[in-house]
Amino acid sequence: MSQTTSQFESAISRLEQQAEELIHKDTNLLTVVREFDFSETAIYEVGKTEWNAHYSYESMVRAFYCKELAGFTTAELHDYLATAERASTLGFDPDHFVGDKAAPARTTLGRAWRDRFPNRLQAFIRTSAECILAVAHEMGNPLGLRALTPEDKSGLSNRSEQRYVTGKAKDVTEALCQIVFPAIDLDRPDDGTRYDDTAFLDLQSYLGLTGTAANQGSRIFDEETTRESGGPDGDTHLHYIKQLEAIEIASMVNGAIGTMMWAAEQYYSIDRHVDVAIDITYIAYYGDRDEFQMSTGAPPSKSYSWCYKMATVSIVGEEVKFTLGMRPLRGYIPRRVLVEQLLEIASDSVSIGTVYADAEFDGIGVIHAVEEAGLCYLIRKSSDDPVKRFVQDIDHDVGVKQNHEMEGTIVGGSVTVTPTLVGVPSDRKEDATVTFVTNLSVSDATKKARGRTRRVMRRYTRRWGIENSYKSIKDFLAWTTSRNTAVRVFYFGFAVILYDMWLLVDLLVQVSLNIDQRLKPRVPARTFLNVVRKEAPVT
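Under our numbering, the sequence shown has 510 at position 524, and the numbering climbs by one with no breaks.
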C-alpha cells in the first residue's frame, strides 16, 4: 500500500464498501457519485469547515469526483455540468448562478480545485477515485474507460486515419483489459505471492500473441515487461491453470465475454434480434491419447487423425461476429443439453432471432430444445430414407414439406417434433439438393413462394463465417504440447477473449470513422496483434 493510500486507509475502505453496494454493470456516473456518504470522512469534514463560497461545498466535492472517475478535464467537467439535471443531481442550486447557468463557471471550478481544496483533500479524492474505479471494473462496469467511447473521426486523411486506428486500438485494448481481466480468477492465494493475477493474464496474452510456448515465452516476457517483480515463469503459470476445472474455466471465459458484450452495447446498440450459430471446432492433437482426456478421433475430412473439440455460440450478422460463449467437449454430452447450455449463455448478452446449425445438430432433442426456448431455427438436415424419398418427389427446384414428423426419445420420455422440411438446389454441387429443417415461414405453392423460400434458405450461408472466426481464434491460440485438459481449455478460452477483443476494437474504430457498411475489418488482425504484443507486457 502506498503512503498516500495508507494515510486515508479507513476512509477509502468505507467508500470502497459503498461503491461495492452501489455499482453494478449498468450503474452510471451520476448514480455513483450522488449516493456517496462522506459524513464520517474526517478529511472531508476538515475541508468543509474551511469552505467559504456561495456555492455548495458538498456539490463541489461530488463534481470533482465526477472529474476523477470519468477522466474529465476541467473544461469537460464544466461542459458535463452544463446540463441542469446533472448539476442539480449533484446538489447545485441554479438560483446561485448568473443567467441560465446551472453550475460554476470553468474558471471557478479551476480556482476551487487549486486554491480552495486543501492538498490533502485533493490527494484523497484522487486516491479514493482510483480505488472506486477498481471496484467498478471488477463489477464489469466501464466507468472511466473513455477509450471505449467512439469519437467523430470521419474527416481524417489516410495517413491521419492510420495513426488514429493504431492509437485507438492501443487505448481500447488497455481499457478492455481493465474490465475483462478481473473476470478471470486463477484462484491464487491473496497473500504471500510474488505476482498478482494480471501478471499471469498478461503472460497468457503474450503467449497467444507471439505463438510461443509457456517456458520460452515467459523468459522473453520477463525480459520485456516493466513490472518491478518481472513475470512468472512458465512452470508457475501452468501450475495455477492446472488447478482449475475445465467447466470453471469456460464459465470464467463466458463471463469475460459477457462483460465485453455489455461494454460494446454501451456504444453500439444491438436493439434487434441477432442470429446466432452453434458449431463445433476441431483442434489437432498429436500427443499421447491415453494421457489426454479430451482426445477423440478427427473427422475424415481433416488432415490429422486425433483432435479435441470445443463448442461455441456466435453472432453471425453481417457487421458483428462475436463469439458469445464456449463449452469444452469432454466425454459424451447430448447435443440437446449442449444447445440448451449455449443458448442460455447467449441469451445473457443478446436477444436471439434465428439459430443456425449444421447437420451435426440435426436431431429431435435439439429441435425440441430450440422450440421450447421459443426461437426460430434453420438446421442442415442429414439424409435418411424419408429425406431421400422427399427429395425424389420434389416437382420443382424447391420443395417444402410442412409438418415433417420426427419422433424419438430424450430424457423424460418420447418426443415428437414436426418441423418444415425444405429442399433447395445446392450452390456448390450441380444437380444436387440440400435439405434443411426449420420453423421459419416457407412454401413451395407458387413460383414466387419458391423464390422466397430459396432466399430464406440462403440465410444459412451466414454461418459459413464461423469457419473464418475459428481460423482467427486459432491465430490467437498459444502453442502448447500439454496433455492437461485445463491448459488446453484455458488456452482456447483465452484465444476467444483475444479474438472478441480484436472485433470490439475494430468495431469502435469503425464507429468513430463513421463507416456505415462494416463488412470487413478496418483494424486487421495483424495490426491488433502488433499493438497488443507491444502493450501487453507493459502494465
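Ideal Cβ placement from N, Cα and C applies to all residues, glycine included.
A quick note: this is a predicted structure, and the numbers were derived from the prediction, not measured.
### Message
Whole angstroms are fine: how far does the CA of Val386 sit from the CA of Leu364?
### Response
Here residue 364 corresponds to residue number 378 of the sequence shown, with the count starting at 1. Here residue 386 corresponds to residue number 400 of the sequence shown, with the count starting at 1. Roughly 14 Å between the two C-alpha positions.
### Message
Between the segment 424 to 431 and the segment 387 to 407, can you find at least three pairs of beta-carbon atoms closer than 8 Å?
### Response
yes
### Task
Would you give the residue range spanned by the alpha helix (DSSP H) that Tyr30 belongs to?
Within the sequence shown, residue 30 is the residue found at index 44, counting from 1. Counting along the chain, the alpha helix (DSSP H) containing Tyr30 begins and ends at 28 to 35.
### Task
Rank Ser143, His223, Leu55, Ile243 by C-alpha distance to the C-alpha of Val166 and give the top, closest one.
Reading the sequence shown from its first residue, position 180 is the one you call residue 166. Of Ser143, His223, Leu55, Ile243, the residue nearest in Cα terms is Ile243.
### Query
What span of residues does the beta strand (DSSP E) with Leu366 cover, start to end?
Within the sequence shown, residue 366 is the residue found at index 380, counting from 1. The sequence given here places Arg at residue 366; Leu does not occur at that position. Counting along the chain, the beta strand (DSSP E) containing Arg366 begins and ends at 362 to 366.
### Query
Going along the chain, which residues of its own chain have a beta-carbon closer than 7 Å to the beta-carbon of Glu526, five neighbours each way excluded?
There is simply no residue 526 to check, as the chain begins at -13 and stops at 525 in what is shown.
### Query
In this structure, what does DSSP give as the bridge partners for Val410?
Locating residue 410 in the sequence shown gives position 424, where the first residue counts as 1. Val410 pairs with Val420.
### Query
Helix, strand or coil: which one does DSSP assign to Trp292?
Mapped onto the sequence shown, residue 292 falls at position 306. The answer is strand: DSSP assigns Trp292 an E or B state.
### Query
Where does Arg508 sit, in a helix, a strand or coil, going by DSSP?
Against the sequence shown, residue 508 aligns to sequence position 522. Three-state DSSP puts Arg508 in coil, outside helix and strand.
### Query
In terms of alpha-carbon separation, which member of Val151, Arg100, Ile338 lies closest to Ala359?
The sequence position of residue 359 within the sequence shown is 373, counting from 1. Of the listed residues, the one whose Cα sits closest to Ala359 is Ile338.
### Task
Report the residue from Thr419, Leu490, Leu8 whose alpha carbon sits nearest the alpha carbon of Arg440.
Your numbering for residue 440 matches position 454 in the sequence shown. Nearest option by C-alpha distance: Thr419.
### Task
Have a look at Arg205 and Thr196 and give me their C-alpha separation to the nearest angstrom.
The sequence position of residue 205 within the sequence shown is 219, counting from 1. The sequence position of residue 196 within the sequence shown is 210, counting from 1. Roughly 13 Å between the two C-alpha positions.
### Task
From the DSSP output, read off the bridge partner residues of Asp265.
What you label residue 265 is simply residue 279 of the sequence shown in a count that begins at 1. DSSP, once it has assigned bridges, lists Thr298 as partnering Asp265.
### Message
What does the alpha-carbon distance come out to for the pair Ala343 and Leu67?
### Response
Locating residue 343 in the sequence shown gives position 357, where the first residue counts as 1. Locating residue 67 in the sequence shown gives position 81, where the first residue counts as 1. Cα to Cα, Ala343 sits roughly 50 Å from Leu67.
### Message
Closest to Ser335 by C-alpha separation, out of Gln388, Tyr268, Gly283, Met247, would be which residue?
### Response
Locating residue 335 in the sequence shown gives position 349, counting from the first residue. Here the closest residue by C-alpha is Met247.
#### Entry: Alpha-carbon to alpha-carbon, Ser333 and Arg375
Start at 1 with the first residue of the sequence shown, and residue 375 comes out as number 389. Start at 1 with the first residue of the sequence shown, and residue 333 comes out as number 347. So the alpha carbons of these two residues sit roughly 37 Å apart.
### Query
Which of the three DSSP states, helix, strand or coil, is assigned to Lys387?
As a first step, residue 387 is located in the sequence shown; it is residue number 401 there, counting from the start. In the structure shown, Lys387 sits in a strand (DSSP, three-state: E or B).
### Message
Going by DSSP in three states, Ser(-4) sits in which element: helix, strand or coil?
### Response
In the sequence shown, residue -4 corresponds to position 10, counting from 1. In this structure, Ser(-4) counts as helix in the three-state DSSP scheme.
### Task
Would you kindly work out how many angstroms separate the C-alpha atoms of Arg322 and Ala355, rounded to a whole number?
Position 336 of the sequence shown, counted from the first residue, corresponds to residue 322. Position 369 of the sequence shown, counted from the first residue, corresponds to residue 355. Their backbone Cα atoms lie some 6 Å apart in a straight line.
### Ser498 - DSSP class collapsed to helix/strand/coil
Here residue 498 refers to the residue found at position 512 of the sequence shown. In the structure shown, Ser498 sits in a helix (DSSP, three-state: H, G or I).
### Query
Could you check where the alpha helix (DSSP H) with Arg112 kicks off and where it finishes?
As a position in the sequence shown, residue 112 is number 126, starting the count at 1. Where Arg112 is concerned, the enclosing alpha helix (DSSP H) stretches over 105 to 124.
### Task
Taking the CB atoms as reference points, tell me whether Ala49 and Leu15 lie closer together than 8 Å.
As a first step, residue 49 must be located in the sequence shown, where it is residue number 63. As a first step, residue 15 must be located in the sequence shown, where it is residue number 29. No.
### Message
Considering Cα atoms alone, identify which of Met280, Thr13, Arg313 is closest to Leu119.
### Response
What you label residue 119 is simply residue 133 of the sequence shown in a count that begins at 1. Ranking the options by Cα distance to Leu119, first place goes to Thr13.
### Task
Kindly indicate which three-state DSSP category Leu310 falls into: helix, strand or coil?
On the sequence shown, position 324 is the one that residue 310 refers to. If DSSP states are grouped into helix, strand and coil, Leu310 belongs with the strands.
### Separation of Thr245 from Ser191, as counted between CA atoms
Against the sequence shown, residue 191 aligns to sequence position 205. Against the sequence shown, residue 245 aligns to sequence position 259. Approximately 18 Å between the Cα atoms of the pair.
#### Entry: Assigned secondary structure, Tyr477 (DSSP; H/G/I helix, E/B strand, else coil)
Stepping through the sequence shown from its first residue, residue 477 is reached at position 491. It is helical.
### Message
Looking only at its chain, what residues have a beta carbon closer than 6 Å to the beta carbon of Ile266, apart from the 5 residues adjacent to it on each side?
### Response
What you label residue 266 is simply residue 280 of the sequence shown in a count that begins at 1. So the list reads Lys295, Ala297, once near-sequence residues are dropped.
### Message
According to DSSP, simplified to helix, strand and coil, what is Leu142?
### Response
Here residue 142 refers to the residue found at position 156 when the sequence shown is read from its first residue. Leu142 falls in the coil class under three-state DSSP.
### Query
When the Cα atoms are used, what is the spatial distance from Ala232 to Leu187?
Locating residue 232 in the sequence shown gives position 246, counting from the first residue. Locating residue 187 in the sequence shown gives position 201, counting from the first residue. Taking the straight line joining both Cα atoms gives about 17 Å.
### Message
Among the candidates His382, Trp465, Lys415, whose CA atom is the shortest distance from the CA of Gly437?
### Response
Start at 1 with the first residue of the sequence shown, and residue 437 comes out as number 451. Measuring from the Cα of Gly437, the nearest candidate turns out to be His382.
### Task
For Phe110, collect the residues of the same chain with a Cβ closer than 6 Å to its Cβ; drop the 5 residues on either side in sequence, then sort them by chain order.
For the purposes of this step, residue 110 is taken as residue 124 along the sequence shown, with counting starting at 1. Hits under 6 Å: Phe(-6), Ile29.
### Query
If we count the other Cβ atoms within 10 Å of its Cβ and call it buried at 16 or more, is Ser(-4) buried or exposed?
As a first step, residue -4 is located in the sequence shown; it is residue number 10 there, counting from the start. When all chains shown are included, Ser(-4) counts as exposed.
### Task
Using the Cα positions of Leu172 and Tyr226, report the straight-line distance between them to the nearest angstrom.
Stepping through the sequence shown from its first residue, residue 172 is reached at position 186. Stepping through the sequence shown from its first residue, residue 226 is reached at position 240. When rounded, the distance between both Cα atoms is 6 Å.
### Task
Report back the beta-carbon spacing between Glu21 and Leu8 to the nearest angstrom; my notes put them in contact at under 8 Å.
Here residue 21 corresponds to residue number 35 of the sequence shown, with the count starting at 1. Here residue 8 corresponds to residue number 22 of the sequence shown, with the count starting at 1. Right, their Cβ atoms sit about 5 Å apart.
### Query
What residues in its chain sit with their C-beta under 8 Å from that of Asp348, if we drop five residues either side in the sequence?
Here residue 348 is taken as the residue at index 362 of the sequence shown, counted from 1. The beta carbon of Asp348 lies closer than 8 Å to those of Ile365, Arg366, Lys367, Ser368, Val423 in the same chain, with the five residues before and after it left out.
### Query
Taking 8 Å as the CB-CB limit, is Val377 close to chain C?
In summary, chain C is missing from the structure at hand, where a single protein chain is found.
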